[in-house]
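Asks: Structure provided below as structure tokens; questions to follow.
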Amino acid sequence: MRSVLGTSLSVAALVIAVVGMVIAVLAARRDNDRLWASAKWGAYANLWIMLIANLLMVQALLVRDFSLSYVAQVGSWDTPTFFTIISLWAALEGSLLFWGLITAALTAAVVWVHRNSEGPLFRYALATLFGVGVFFYLLLVIPANPFSPVFPVPTDGPGPNPLLQNHPLMAIHPPILYVGYVGMMVPFAFAIGALLSGKLDNTWITLTRRWTVFAWIFLSLGVVAGMWWSYEVLGWGGYWAWDPVENASFLPWLTATALIHSAMVQERRGMLGVWNLTLAISTFLLTILGTFMTRTGILSSVHAFAEGTVGSYFLVFMAITLVFSVVLLLGRSEELKTPGSLDSVASRETVFLFNNLVLIAFTFTVLLGTLFPLLAESFRGVTVSVGAPFFNQMTLPFIVALLFLMGVGPALPWGKAMKDGLEKNFIWAAGAMVAAAILSILLGVRNVYAILAFAFAAFALVTNVREYITPVRARMKARGESVGTSFVRVVFSNPQRYGGYFSHLGVVVMAVGIAASSAMQTTYEQTLRPGESMQAEDFTLRFDGMWAQDQPQRFSVGATLAVTKNGRDIGTMEPRLNYYPTQEDPVPTPAVRSRMTDLYIVLMAFQPDGSTATIQAIVEPLVIWIWIGGVMIALGATFGLVFGIRKTRGDRRRKRERTPELTTTGERS
Numbered sequence: 025m026r027s028v029l030g031t032s033l034s035v036a037a038l039v040i041a042v043v044g045m046v047i048a049v050l051a052a053r054r055d056n057d058r059l060w061a062s063a064k065w066g067a068y069a070n071l072w073i074m075l076i077a078n079l080l081m082v083q084a085l086l087v088r089d090f091s092l093s094y095v096a097q098v099g100s101w102d103t104p105t106f107f108t109i110i111s112l113w114a115a116l117e118g119s120l121l122f123w124g125l126i127t128a129a130l131t132a133a134v135v136w137v138h139r140n141s142e143g144p145l146f147r148y149a150l151a152t153l154f155g156v157g158v159f160f161y162l163l164l165v166i167p168a169n170p171f172s173p174v175f176p177v178p179t180d181g182p183g184p185n186p187l188l189q190n191h192p193l194m195a196i197h198p199p200i201l202y203v204g205y206v207g208m209m210v211p212f213a214f215a216i217g218a219l220l221s222g223k224l225d226n227t228w229i230t231l232t233r234r235w236t237v238f239a240w241i242f243l244s245l246g247v248v249a250g251m252w253w254s255y256e257v258l259g260w261g262g263y264w265a266w267d268p269v270e271n272a273s274f275l276p277w278l279t280a281t282a283l284i285h286s287a288m289v290q291e292r293r294g295m296l297g298v299w300n301l302t303l304a305i306s307t308f309l310l311t312i313l314g315t316f317m318t319r320t321g322i323l324s325s326v327h328a329f330a331e332g333t334v335g336s337y338f339l340v341f342m343a344i345t346l347v348f349s350v351v352l353l354l355g356r357s358e359e360l361k362t363p364g365s366l367d368s369v370a371s372r373e374t375v376f377l378f379n380n381l382v383l384i385a386f387t388f389t390v391l392l393g394t395l396f397p398l399l400a401e402s403f404r405g406v407t408v409s410v411g412a413p414f415f416n417q418m419t420l421p422f423i424v425a426l427l428f429l430m431g432v433g434p435a436l437p438w439g440k441a442m443k444d445g446l447e448k449n450f451i452w453a454a455g456a457m458v459a460a461a462i463l464s465i466l467l468g469v470r471n472v473y474a475i476l477a478f479a480f481a482a483f484a485l486v487t488n489v490r491e492y493i494t495p496v497r498a499r500m501k502a503r504g505e506s507v508g509t510s511f512v513r514v515v516f517s518n519p520q521r522y523g524g525y526f527s528h529l530g531v532v533v534m535a536v537g538i539a540a541s542s543a544m545q546t547t548y549e550q551t552l553r554p555g556e557s558m559q560a561e562d563f564t565l566r567f568d569g570m571w572a573q574d575q576p577q578r579f580s581v582g583a584t585l586a587v588t589k590n591g592r593d594i595g596t597m598e599p600r601l602n603y604y605p606t607q608e609d610p611v612p613t614p615a616v617r618s619r620m621t622d623l624y625i626v627l628m629a630f631q632p633d634g635s636t637a638t639i640q641a642i643v644e645p646l647v648i649w650i651w652i653g654g655v656m657i658a659l660g661a662t663f664g665l666v667f668g669i670r671k672t673r674g675d676r677r678r679k680r681e682r683t684p685e686l687t688t689t690g691e692r693s
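Here it is in structure tokens:
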């Protein structure tokens, strides 16, 4: 029964998406409002269909309906309820089902937000969203149907991948990342809608920037959550290994960051129209490429799903999308020419242009390093490994350059900057940069790129903080307001601007955390008997003994360590090894004490009788700044997006109240 119902729901979603795509195109070409209304209702219908299909699968997982192929693949009577529910996205078919729900939800969200909008731009955009949905619903119907029946029906299953049930972060990381991934289809849809409709003014880029920021927020949080999961679960003391799947999420983040910045140039100066269209299309294609790499098993990764049968479908879809987009761009090439030009090298738009060039060079470097092993094996038949040393050496200059540009940009005005203003803006920042470099060397940092990262982070910190201080001081002086009142009024006067600066500060905090934890990390390893101690910088670890715990889904063995810092007791820490019946090697759960300096303890090995345990202790400064910086990035962007929209609505409402005769209907913010 569930098999028939679930498959029928997927087929219904596919049919509605196909029909909706055709109707939306006809509505655009014929300017038919009745067809347009039908297409919009199709988006809402698909949301309900995919929601029911996902709830049906969750229910099947909870009752352990092993007659369904997906439940037989990831279900188990021994798996706890929490991990059983989040097993929805633990393997290929379930993750695509959840992906289909997010696709339908975002399509419906676009329809609702722009429900009073008219014109071919929106209609072609909805047709494009339906077209993306057609691809993913087709996967659910043919090669990756999670509701396909199994016979004979097994009495139990293996449960989800042990790595995916070893930490509750798996309840957060994939959904957030999926929303970021799928969200990038919205700016792509508006770009295609603009090209098909010929409406190539700033309307599409204004809409694109808002939806891009929305998806970028989730993609940023997803990347940081993935780093945190890697740090807390894998037991290696790191958080980023340039793994192919890590890179797959990072690549569209880079191009989306470029798009957000260059969109501002187009809105203000009427420049970079073709570039922004290309970025919107490229970002979407990179999300599809990342999904392809994750779900086909084509590249080896600890994060990847097992080898699937959907690879050829993804390749065909990417090829069709690329050819279709290029043809549209070439067809509109004459209309896309813009009269805008750079007035001065020392201007904000010039910095944004350099920022884009660095981000794209960064993207190509990571993309080449990720795909090179695959290309080498395909064309030369040799196995090549591209690891972290390559990526670190090649990308660190880009990171330093971005920090520098992030400091320069806010201090420059749009258009042409005066020389006196430049000197005033940068003198304090330059001093902070030199001081940070000297202080780093005095503290024993010898890695050149780490010193540069600290120096340019200080530079960016001062210039971005100054963008808050200067207008607040001016307002306090002019109006006699308190610091708090002036700050609130300044920030809310331009939420997008000041939210962006706060995100910049988050990047600075994150960069310092990465540089400090990488350059100043120390590792200690020792085999201890009960009662013996080891030293890890200021920390003393006393091994008090072993313990074991039998759980339904795993067997855990742990070590109890009493920890003191400079003679002060700070409690016990218990790293463990978890043994799952479906995995030969144990899965570690490190014990982590997160403060300004992290103490990260891993149980490496032990004697069965508990007579000895091999303990690895890693001391890493400022790791917590990475997580704080990631949250700051998302908070700044969210503030700018939410309050920016509210301010725009308020400005429009006040304008209508002043001039009611000019009230028009059109796009809602």
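Quick note on my numbering: the sequence shown kicks off at 25 and runs consecutively.
Cβ coordinates follow ideal geometry from the N, Cα and C atoms, glycine included.
#1: State yes or no: is the C-beta of V532 within less than 7 Å of the C-beta of A484?
#2: S254 and P184: beta carbons closer than 7 Å?
#3: Quick one: give me the first and last residue of the alpha helix (DSSP H) that I642 is part of.
#4: Is DSSP giving M6 helix, strand or coil here?
#5: Going by the DSSP bridge assignment, what does A583 pair with across the sheet?
#6: So for K589, helix, strand or coil by DSSP?
#7: Would you call the CB atoms of S34 and L187 closer than 7 Å?
#8: Between I652 and L659, what straight-line distance do the alpha-carbon atoms span, to the nearest angstrom?
#9: Grouping DSSP H, G and I as helix and E and B as strand, with all else coil, what is A272?
#10: List the endpoints of the continuous alpha helix (DSSP H) containing E142.
#11: Mind checking which residues open and close the beta strand (DSSP E) that includes A615?
#12: Report the three-state DSSP secondary structure of L383 (helix, strand or coil).
#13: Exposed or buried, W72, counting other C-beta atoms within 10 Å across all chains shown (16 or more means buried)?
#14: Please state whether the Cβ-Cβ distance between T387 and T279 is less than 7 Å.
#15: Is the distance from the Cβ of Q577 to the Cβ of T103 below 7 Å?
#16: Does Q577 come out as helix, strand or coil in the three-state DSSP assignment?
#17: Starting from Y604 and walking both ways along the alpha helix (DSSP H), at which residues does that stretch end?
#18: For chain C, find out if any of its Cβ atoms is closer than 7 Å to the Cβ of L164; answer yes or no.
#19: Distance, Cα to Cα, A400 vs L392?
#20: I166: buried (16+ other C-beta within 10 angstroms of its C-beta) or exposed?
#21: Run through the DSSP bridge pairs and tell me what V626 is partnered with.
#22: Use the C-beta contact count for I451: other C-beta atoms within 10 angstroms, 16 or more gives buried, fewer gives exposed.
#23: Helix or strand or just coil, what does DSSP make of Q550?
#24: Using 8 Å for Cβ pairs, my map puts T695 next to N190. What's the rounded Cβ distance?
#25: Can you check the segment 232-297 for any beta strand (DSSP E) of at least 3 residues that lies completely inside it and give the ranges in chain order?
#26: Cα separation between F516 and P434?
#27: Which term fits G690, buried or exposed, when burial requires 16 or more other beta carbons within 10 angstroms of its beta carbon?
#28: Output the distance between the C-alpha atoms of V82 and T127, rounded to the nearest integer angstrom.
#29: For E556 and D593, I'd like the C-alpha separation in whole angstroms.
#30: So, using beta-carbon positions, are F415 and W266 closer together than 7 Å?
#31: According to DSSP, is T621 helix, strand or coil?
#32: Output the boundary residues of the alpha helix (DSSP H) element that contains A479.
#33: Along the chain, which unbroken stretches of the alpha helix (DSSP H) at least 4 residues long are found entirely within the segment 83-151?
#34: Per DSSP, which residues does P612 bridge with? Please list them.
#35: From A304, Q545, M628, P599, pick the residue whose C-alpha is nearest to that of W571; which is it?
#36: What are the boundary residues of the alpha helix (DSSP H) that includes S27?
Replies: In terms of the structure at hand:
#1: yes
#2: no
#3: No alpha helix (DSSP H) holds I642; the beta strand (DSSP E) holding it covers 637-645.
#4: Nothing can be reported for residue 6, as the shown portion of the chain is limited to 25 through 693.
#5: M570
#6: strand
#7: no
#8: 10 Å
#9: helix
#10: Counting along the chain, E142 falls outside any alpha helix (DSSP H), and DSSP gives it neither H nor E.
#11: 615-617
#12: helix
#13: exposed
#14: yes
#15: yes
#16: coil
#17: From DSSP, Y604 is part of no alpha helix (DSSP H); its letter is neither H nor E.
#18: Of the protein chains in this structure there is only one, and it is not chain C.
#19: 11 Å
#20: exposed
#21: Q640
#22: exposed
#23: strand
#24: Any answer about residue 695 is impossible in this case: the structure gives the chain only from 25 up to 693.
#25: none
#26: 17 Å
#27: Unreliable positioning characterises G690 in this predicted model, as indicated by a pLDDT of 42, which lies under 50. The coordinate reading is nonetheless provided below. Exposed, because fewer than 16 other Cβ atoms sit within 10 Å of the Cβ of G690.
#28: 18 Å
#29: 16 Å
#30: yes
#31: strand
#32: 472-503
#33: 93-98, 105-109, 116-137
#34: L601
#35: P599
#36: 26-54
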